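**Q** My structure is below; once you've seen it, I'll send some questions.
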Amino acid sequence: MEEDLVYYRRRSAEERAAASAAPNERVRAVHLDLAVRYDARIMVLAAEQRRAEFHLVPAA
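Position one of the sequence shown corresponds to residue 498 (this note's numbering), numbered consecutively onward.
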């Protein structure tokens, strides 16, 4: 799962960079939309990872 988070973080950053370099507003909007979608996936995966770590704590 950690590799997925690294991938999605990288892709989000790449899409934001592409948006900054976009030649027009429409292309910029598409790249920003993709970045937002990657960010949403990051949030889901991070929450799943935290839940999984929580369940790994042994009972006293």
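No residue lacks a Cβ here, since even glycine has one placed at the ideal position from N, Cα and C. Predicted, not measured: the structure shown is a model, and the values here were computed from it.
Over the uninterrupted alpha helix (DSSP H) stretch that includes residue 510, give me the two end residues.
**A** By one-based count along the sequence shown, residue 510 stands at place 13. That run of the alpha helix (DSSP H) goes 499-518.
**Q** Around the Cβ of residue 532, are there at least 16 other Cβ atoms within 10 angstroms (buried) or fewer (exposed)?
**A** Residue numbering aside, residue 532 sits at position 35 when the sequence shown is read from its first letter. With 16 or more other Cβ atoms within 10 Å, it is buried.
**Q** Buried or exposed: residue 512, going by 16 or more other Cβ atoms within 10 Å of its Cβ?
**A** As a working mapping, residue 512 is identified with position 15 in the sequence shown. So residue 512 counts as buried.
**Q** Since residue 529 and residue 516 should fall inside the 8 Å C-beta cutoff, what is the C-beta to C-beta distance between them, to a whole number of angstroms?
**A** Translated into positions along the sequence shown, residue 529 becomes position 32. Translated into positions along the sequence shown, residue 516 becomes position 19. Residue 529 to residue 516, Cβ: 5 Å. Contact.
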